[in-house]
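Asker: Submitted below is the structure of interest, expressed as structure tokens.
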Amino acid sequence: LCCECGQAHPLLDNHLYNFQDEVDDELVCHICLQPLLQPMDTPCGHTYCFKCLENFMQEYNFCPMDRKKLSFQQCHKSSLLVRNLLDKLMVLCPFKAECQQSMQRCELEAHLQNRCPGFKKYKSELQRKKNPISKGKEDPPAKGETNTPKDPEVPSGGSSLVAESSGAAVVSLGTAEPGLVNPAFEETEEGESLVQHWICRTSLVAETTTIEIHREDPEEELGMRIVGGKDTPLGNIVVQEVLRDSVIAADGRIAPGDHILEVNGVNISSVTHCQAVSFLRHPGPVLHLMVLQEKGFSNKSAQQDCGAAPREVIHVTLVKRDRSEPLGIKLIRKTDEAGIFILDLLEGGLAAKNGKLSRNDRVLSINGQDLRQGTPEAAAQIIQTTESRVNFVILRQPGVQLGEPVEDGSTSNSSSSSSSNGGSPVHHRRRPDQNHYRRKSSYQKKTVAIKKEPKESLGITIGGGRDNKNKLPIYVTSVQPIGCLFRDGRIKRGDVLLSINGIDLTHLNYYEAVAALKSNAASHSVTLKALEILSLNSPEPSQDIREQGFSWSPLWITWLGLPSYLHFCQDIVLSKGNLESWGFSIVGGFEESKGNQPFFIKTIVPGTPAFRDRKLKCGDEIVAVNGVPAIGMSNSELIPMLKEQRNRVTLTVVSWPGSLV
1 LCCECGQAHP LLDNHLYNFQ DEVDDELVCH ICLQPLLQPM DTPCGHTYCF
51 KCLENFMQEY NFCPMDRKKL SFQQCHKSSL LVRNLLDKLM VLCPFKAECQ
101 QSMQRCELEA HLQNRCPGFK KYKSELQRKK NPISKGKEDP PAKGETNTPK
151 DPEVPSGGSS LVAESSGAAV VSLGTAEPGL VNPAFEETEE GESLVQHWIC
201 RTSLVAETTT IEIHREDPEE ELGMRIVGGK DTPLGNIVVQ EVLRDSVIAA
251 DGRIAPGDHI LEVNGVNISS VTHCQAVSFL RHPGPVLHLM VLQEKGFSNK
301 SAQQDCGAAP REVIHVTLVK RDRSEPLGIK LIRKTDEAGI FILDLLEGGL
351 AAKNGKLSRN DRVLSINGQD LRQGTPEAAA QIIQTTESRV NFVILRQPGV
401 QLGEPVEDGS TSNSSSSSSS NGGSPVHHRR RPDQNHYRRK SSYQKKTVAI
451 KKEPKESLGI TIGGGRDNKN KLPIYVTSVQ PIGCLFRDGR IKRGDVLLSI
501 NGIDLTHLNY YEAVAALKSN AASHSVTLKA LEILSLNSPE PSQDIREQGF
551 SWSPLWITWL GLPSYLHFCQ DIVLSKGNLE SWGFSIVGGF EESKGNQPFF
601 IKTIVPGTPA FRDRKLKCGD EIVAVNGVPA IGMSNSELIP MLKEQRNRVT
651 LTVVSWPGSL V
């Protein structure tokens with residue numbers, strides 16, 4: 001049964017409802033002869049259901065009523081008044097035996113999910129059939145393990161997972177077919193929307209892998225940023241970024257988007273963000289991580305994969321004497337397979353002398369930068385900007401001959417190769433609505449006025465600035481034991497600085513802020529206005545662990561508590577073909593039990609438009625879609641809006657840096 005309308009219907013068909021009263025003919029679609037769903041107006045003045053009209057226009061080029069010439073692009077959403085009238089039509093609960101309630105059509109889904117005894121009974125019976133021998137509490141990462149296709153492009157070592165199961169944390173927004181504009185979706189217990197794909201056509205494959213990380217210095221940073229936690233809508237702990245030249249980058253097996261399930265045997269899939277940071281910052285020479293890694297969509301049968309030749313993942317490090325030294329590698333693309341391959345090693349070059357790289361090797365990553373869907377130009381750029389150590393992770397399959405290359409080759413000898421990013425999205429500053437949502441963290445404004453000697457310093461160091469990659473406000477990174485602010489005691493590490501002596505600091509870059517603080521510190525009196533973030537969750541882990549080797553910065557969860565006027569929104573424009581999905585999943589949105597929550601990007605699927613664009617990150621908050629604010633929307637309202645965008649969508653997002661571990 002459909003989880004939105006509670007009735008059985010094909011995935012691509014409209015929802016079915018039992019209307020309490022006869023519906024006015026003006027509100028009926030003249031294709032399906034049912035009350036309108038997602039009404040669309042034609043230029044000739046007729047109104048049809050979105051799905052009905054789209055399916056009709058795939059075969060015909062005229063209006064069904066007056067047969068005037070028509071294209072789907074000419075049609076537009078009906079007015080808000082019409083949509084509200086339709087949403088307020090009274091319907092009966094489909095579970096008549098257990099529930100005799102009636103409600104507005106727009107309220108039926110929430111009724112089924114939260115209040116209907118009949119639908120609750122149906123879900124319990126369905127769960128019992130799926131798991132005849134239930135052990136009660138299940139571990140989410142293990143859920144959905146089946147004999148699924150295994151992606152040959154990534155190292156083995158774990159169990160495969162497919163998006164057939166709601167337990168898999170890997171999903172996709174969008175559709176693999178032009179007609180699947182708004183397929184039904186399910187909600188897991190965590191509230192994540194799983195957009196269903198035709199499993200017989202393509203499956204979303206993921207794999208759990210145990211990775212052993214070695215550190216020469218037990219207290220050295222791992223060098224990755226994480227987001228998520230059970231105290232956020234994301235739920236899981238997700239890798240947002242891998243820093244260059246870090247321990248994780250040198251290892252090369254962990255990539256942005258990976259979900260960290262265990263740390264040294266401790267399950268962190270259901271801990272708070274702060275607890276996860278503490279586990280990952282714990283010093284030690286060896287770290288065992290269990291991660292869930294998405295492999296993208298696979299339409300290969302299990303039999304095909306069983307017959308595939310074994311592949312070997314190899315780590316190779318080349319050391320340059322200086323930045324300009326070439327490696328002597330020719331990189332190309334193949335016509336029939338995504339990714340970058342080594343075409344040739346130049347005789348006498350660094351790579352040829354090293355002897356560990358070979359022709360036909362596929363480059364998975366360089367210095368921790370994921371290149372499974374990359375270009376030769378992007379690889380060359382990484383190599384050329386690296387000072388010394390170039391860490392390759394390559395995939396080798398014995399006996400495979402290289403196919404015909406696309407005319408898109410690049411070599412690390414070139415000094416003028418540039419990354420092919422496509423078009424850059426439009427970035428501009430705008431002021432969002434005053435509140436994106438009711439945040440779980442609160443903040444306290446404070447004004448600190450102090451008298452001081454003219455030569456006495458403030459005694460603070462700062463970070464952030466609007467020239468920062470994440471466009472952060474200015475914040476205090478340390479209060480030194482010398483200076484007037486330490487003596488006063490009211491300004492603390494982590495405080496966001498708003499102004500000094502009336503000079504606004506919120507729109508300044510780092511160097512402008514330093515100059516403003518220094519010039520005003522020469523005064524006999526200083527008045528600072530600041531914002532202290534008061535977390536309502538657990539205390540910051542840095543209070544409880546040793547921090548040698550860790551450069552301090554606020555936790556990701558701290559930024560979520562900032563008021564909206566300090567957010568810096570950017571527009572990210574994604575484009576796709578008719579046969580592609582957008583390639584990302586979202587969590588969050590309005591829920592009756594939790595109120596307004598932010599929408600977060602939870603997963604980005606390899607090989608999809610969102611993955612190739614590389615600007616959208618896990619943990620980004622979606623503020624608007626095509627200029628329409630997401631505030632107050634439920635998951636079931638935002639999903640169709642995203643899926644209606646056929647080839648291009650503009651996402652307005654706020655991107656906060658993940659917590660550094």
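Numbered per UniProt numbering, the sequence shown spans residues 1 to 661.
All C-beta atoms, glycine included, are put in the ideal place defined by N, C-alpha and C.
1. Roughly how many angstroms lie between the CA atoms of residue 532 and residue 370, to the nearest whole one?
2. Given residue 248, which residues of its chain have a CB within under 8 Å of its CB, disregarding the five upstream and five downstream residues?
3. Check residue 124 in the structure and name its three-state DSSP category.
4. Would the beta-carbon of residue 211 fall within 8 Å of that of residue 226?
5. Would residue 448 pass as a contact of residue 534 if the rule is Cβ separation under 8 Å?
6. Taking just the CA atoms, how far does residue 235 sit from residue 476?
7. Would you mind stating whether residue 583 and residue 608 have Cβ atoms separated by less than 8 Å?
8. Hey, residue 458 and residue 517: beta-carbon distance below 8 Å or not?
9. Note down, one range per segment and in chain order, each alpha helix (DSSP H) of at least 4 residues found wholly within the segment 61-94.
10. Hey, could you find the ends of the alpha helix (DSSP H) residue 351 is sitting in?
11. Taking 8 Å as the threshold (C-beta atoms), are residue 604 and residue 618 in contact?
12. Are residue 658 and residue 558 closer than 8 Å when you measure CB to CB?
13. Would you call the segment 95-110 and the segment 71-79 in contact, with 3 or more CB pairs under 8 Å?
14. Work out the CA separation of residue 555 and residue 665 for me, nearest whole Å.
15. Please classify residue 258 as buried or exposed, where buried requires at least 16 other C-beta atoms within 10 Å of its C-beta.
16. Within the continuous alpha helix (DSSP H) that includes residue 510, where are the two ends?
17. If distances are taken between C-alpha atoms only, which option among 507, 256, 29 comes closest to residue 610?
18. Please state whether the Cβ-Cβ distance between residue 374 and residue 315 is less than 8 Å.
19. For residue 343 and residue 654, I'd like the C-alpha separation in whole angstroms.
20. When DSSP labels each residue in this structure, what does residue 247 get in the three-state scheme?
21. For residue 614, which three-state DSSP category applies?
22. Does residue 570 pass the burial test, meaning 16 or more other C-beta atoms within 10 Å, or should it be called exposed?
23. Measure the alpha-carbon distance for residue 142 versus residue 266 and round it to whole angstroms.
24. Note the first and the last residue of the continuous alpha helix (DSSP H) segment covering residue 385.
25. Between the alpha carbons of residue 496 and residue 510, how many angstroms are there, rounded?
26. Just checking residue 80 against the ligand FMN - is the residue's beta carbon closer than 7 Å to any of the ligand's heavy atoms?
27. Helix, strand or coil for residue 102 per DSSP?
28. Give the secondary structure of residue 179 by DSSP, where H, G and I count as helix, E and B as strand, and everything else as coil.
29. Could you give the distance in angstroms between the alpha-carbon of residue 197 and the alpha-carbon of residue 581?
30. Using a threshold of 8 Å, state whether the C-beta atoms of residue 690 and residue 505 are closer than that.
31. Straight-line CA distance for residue 286 to residue 577?
32. To the nearest angstrom, report how far apart residue 402 and residue 55 are at their CA atoms.
33. Helix, strand or coil, according to DSSP, for residue 119 in the structure here?
34. According to the neighbour-count rule (16 or more other Cβ atoms, all chains shown, within 10 Å of its Cβ), is residue 630 buried or exposed?
35. Which partner residues of residue 237 appear in the DSSP bridge assignment?
36. Run through the DSSP bridge pairs and tell me what residue 625 is partnered with.
Answerer: Reading it off the structure:
1. In a straight line, the C-alpha of residue 532 is about 37 Å away from that of residue 370.
2. Excluding positions up to five away in sequence, the list reads 213, 222, 223, 224, 242, 254, 368.
3. It is helical.
4. Taking the C-beta atoms as reference points, residue 226 is found no nearer than 8 Å to residue 211.
5. Annotated as distal: residue 448 and residue 534, with beta-carbon spacing of 8 Å or more.
6. Cα to Cα, residue 476 sits roughly 29 Å from residue 235.
7. Contact: yes.
8. Yes, the pair counts as a contact, with Cβ atoms nearer than the cut-off.
9. Counting whole runs of 4 or more residues, the segment 61-94 contains the alpha helix (DSSP H) stretches 80-87.
10. Here the alpha helix (DSSP H) through residue 351 covers 350-354.
11. Closer than 8 Å, so yes.
12. When the beta-carbon positions are compared, residue 658 and residue 558 stay at least 8 Å from each other.
13. No: fewer than three Cβ pairs fall under 8 Å.
14. Nothing can be reported for residue 665: it is not among the residues displayed for the chain, which extend from 1 to 661.
15. If you draw a 10 Å sphere on the C-beta of residue 258, you find 16 or more other C-beta atoms in it, and that means buried.
16. First-last of the alpha helix (DSSP H) with residue 510: 510-521.
17. Nearest option by C-alpha distance: 256.
18. Pairing residue 374 with residue 315 gives a Cβ-Cβ distance that is not under 8 Å.
19. Rounded to whole angstroms, residue 343 to residue 654 spans 41 Å at the Cα level.
20. For residue 247, the three-state secondary structure derived from DSSP is helix.
21. Of the three classes helix, strand and coil, the one that applies to residue 614 here is coil, per DSSP.
22. When all chains shown are included, residue 570 counts as buried.
23. Confidence at residue 142 is low in this model, with a pLDDT of 37, below 50, so its placement is unreliable and the value that follows should be read with caution. Distance between the alpha carbons of residue 142 and residue 266 is about 15 Å.
24. Taken as a continuous stretch (DSSP letters only), the alpha helix (DSSP H) holding residue 385 covers 376-385.
25. About 13 Å.
26. Absence of the ligand FMN from the depicted structure is noted, as is the absence of any ligand whatsoever, leaving it without description.
27. Note: residue 102 maps to strand in three-state DSSP.
28. In this predicted model, residue 179 has a pLDDT of only 29, less than 50, meaning its place in the structure is not dependable; the value taken from the coordinates is given anyway. Reduced to three states, the DSSP call for residue 179 is coil.
29. Low confidence applies to residue 197: its pLDDT is 34, below 50, so where it sits in the model is not reliable, and the reading given next is rough at best. Rounded to whole angstroms, the separation of the alpha carbons of residue 581 and residue 197 is 10 Å.
30. With the chain covering only 1 through 661, there is no way to say anything about residue 690.
31. In a straight line, the C-alpha of residue 286 is about 44 Å away from that of residue 577.
32. For residue 402, the predicted structure reports a pLDDT of 38, less than 50, and the residue's modelled location is therefore unreliable. A value from the coordinates is still provided. Taking the straight line from one Cα to the other gives about 42 Å.
33. Here residue 119 carries a helix assignment [DSSP, helix/strand/coil].
34. Its Cβ being crowded by 16 or more others within 10 Å, residue 630 is buried.
35. Looking at the DSSP assignment, residue 237 forms a beta bridge with 228, 260.
36. Per the DSSP secondary-structure output, residue 625 pairs in a beta bridge with 628, 651.
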